[in-house]
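Residue numbers (our numbering): 160 to 412.
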């Protein structure tokens, strides 16, 4: 991909974990990447990793659940890197608890980042995709969409993203835009490390316990998800849209 042909990607929640790995992978694929996270300062590591490998990136701070912040962030990306035509909705948080202990705030916070955030980001970026006659939207769901104890909020949000993805595929397909969804299984990341800490389980023991439940007998790596995003963004996946792929080391749905 030449400089004049270089496309711009926006990856939310990309200061660390799956988002960071995805941003680095898309940059390696030749895209200019906007590293978007709640705190712009936190994006520095990802941006530096991309630039040190010869790629182009810019860090942008934005609360994806805030409409004005999203519009401002997308405008900044368009100005600094060019109109974004690739969007990876990865930003996410967890506020786990059993239903009877879950607060209104726990519910609203998770819905705000996962569902409202993906809606606002996609609405803002799709304008550039439609103008270009080409676009890629990749949403990050989870195997928790199938139901998971202590995650009524997270499971609901992740299931909702699957319906959102399919609707985007129907509405935007005529404009050359595809929309697909990735549902990761157990991935060794900062988020799952936090879960292990909350449960009071040593990290190595936690990973080993979870790996035993996975047919391929290993935990997923953030790069496993980044590789799947790379496929969905690639030109060769242009006839693949509205799909949910469980990247979980075995069949999940």
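Where a beta carbon is used, it is the ideal one built from N, C-alpha and C, also for glycine.
It should be emphasised that the depicted structure is a prediction, and the values quoted were computed from it without experimental measurement.
Residue 246 has 169 and 296 as its beta-bridge partners, per DSSP. Rounded to the nearest whole angstrom, the CA to CA distance from residue 365 to residue 355 is 6 Å. Sequence-distant partners of residue 328 (beyond 5 residues in either direction) whose C-beta falls short of 7 Å from its own C-beta, in its chain, are 337, 338, 400 and 401. With a threshold of 16 other beta carbon atoms within 10 Å, residue 368 falls short and is exposed. By the CB criterion at 7 Å, residue 169 and residue 206 fall outside the cutoff. The beta carbon of residue 253 lies closer than 8 Å to those of 269, 310, 313, 350, 353 and 354 in the same chain, with the five residues before and after it left out. Look at the beta carbons and you see the region 253-262 not touching the region 206-226: under three pairs across the two are nearer than 8 Å.
Boundaries of the beta strand (DSSP E) around residue 218: 216-220.
Residue 248 is positioned such that its CB atom lies no closer than 7 Å to that of residue 326.
One alpha carbon belongs to residue 380, the other to residue 322, and they sit about 26 Å apart. Taking 7 Å as the cut-off, the Cβ atoms of residue 385 and residue 180 count as close. A distance below 7 Å separates the beta carbons of residue 298 and residue 324. Within the same chain, and ignoring the five residues on either side of residue 214 in sequence, the residues whose Cβ sits closer than 6 Å to its Cβ are 186. When only Cα atoms are considered, residue 177 and residue 391 end up about 15 Å apart. Here residue 375 carries a coil assignment [DSSP, helix/strand/coil]. Under the DSSP assignment, residue 315 falls in the alpha helix (DSSP H) whose first and last residues are 311-331. For residue 386, the three-state secondary structure derived from DSSP is helix. For residue 243, same chain residues with a beta-carbon under 6 Å away, outside a window of 5 residues either side, are 167, 169, 236, 284 and 287 in chain order. A residue is called buried once 16 or more other Cβ atoms fall within 10 Å of its Cβ, and residue 388 is buried on that count. Separation of residue 303 and residue 234 (C-alpha to C-alpha, rounded to the nearest whole angstrom) is 33 Å.
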